[in-house]
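**Q**
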Amino acid sequence: DAGVTQSPTHLIKTRGQQVTLRCSPKSGHDTVSWYQQALGQGPQFIFQYYEEEERQRGNFPDRFSGHQFPNYSSELNVNALLLGDSALFLCASSFGGNTIYFGEGSWLTVV
Amino acid sequence: GESVGLHLPTLSVQEGDNSIINCAYSNSASDYFIWYKQESGKGPQFIIDIRSNMDKRQGQRVTVLLNKTVKHLSLQIAATQPGDSAVYFCAENMAGTYKYIFGTGTRLKVLA
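First to last, the protein sequences are chains A and B.
Counting along the first sequence from 1, when you hit position 108 you're at 293 in my numbering, and nothing is skipped either side.
Counting along the second sequence from 1, when you hit position 78 you're at 100 in my numbering, and nothing is skipped either side.
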């Protein structure tokens, strides 16, 4: 039973570029949430997708956008990258709004 | 690999001793709580959860205590092992919302 899988695991981007991160939820899960974790901090909620729609959004600018596909997988897009966007981006899946389970994350470095 | 807990509060315990990690949560309306363990370079791993209608819940070697009066959560790990070394986060969720709010985390170091 595969858990939450994310890709890529590491990437380096230049300021102003755009990035797309991908997530496949745990088998049987239909809901995907995205979190950003800066060094030395706890994860911060970006948004949650359910039934291919953004269900709730955290305090993140519109540069952060997402998508959920019919197979429940999801993408996180970040436009106009800033140095401060460097972080670990975590995807978490759940069945409905219940307990969330995390993937190993995508490390983004913006230079 | 990278670490997400470079400047976190640290709890150092001897191998075999019991560990107690504390967390003050932010919202009195939160009704569901989870403890996560995060090892270096990895994503948070679910340990145990508790709902607000309970004061205590036990798992394998772990116990979570909830004190709603003072908005405090604790994680007790019995017979701490080297493999328990990690950063531990508490997370809270309020009914009707879908986001989890995470605490700042505590680094647990197990001394041999």
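Using N, Cα and C, we set each Cβ at its ideal position, and we do this for glycine too.
As the structure is a prediction and not an experimental result, all values here were calculated from the model.
(1) Hey, out of G118/B, V92/B, C112/B and F124/B, whose CA is closest to I43/B's CA?
(2) Here's the rule I'm using: 16 or more other beta-carbon atoms within 10 Å means buried, otherwise exposed. How should V217/A be labelled?
(3) Please confirm whether G105/B has its beta-carbon closer than 8 Å to some beta-carbon of chain A.
(4) Specify, as a first and last residue, the run of the beta strand (DSSP E) that V204/A falls within.
(5) In the DSSP assignment, what are the bridge partners of A139/B?
(6) What does L30/B touch in chain A if you count any residue whose Cβ is under 7 Å from its own?
(7) From M116/B, T91/B and G127/B, pick the residue whose C-alpha is nearest to that of L97/B; which is it?
(8) For P104/B versus F287/A, is the C-beta spacing smaller than 8 Å?
(9) How far does the beta strand (DSSP E) with S192/A in it reach, from first residue to last?
**A** The short version:
(1) C112/B
(2) buried
(3) no
(4) V204 to S209 is the span of the beta strand (DSSP E), which, as asked, contains V204/A.
(5) As displayed, chain B neither begins before 23 nor continues past 134, which places residue 139/B out of reach and without an answer.
(6) G225
(7) With distances taken between Cα atoms, L97/B lies closest to G127/B.
(8) no
(9) T190 to S192
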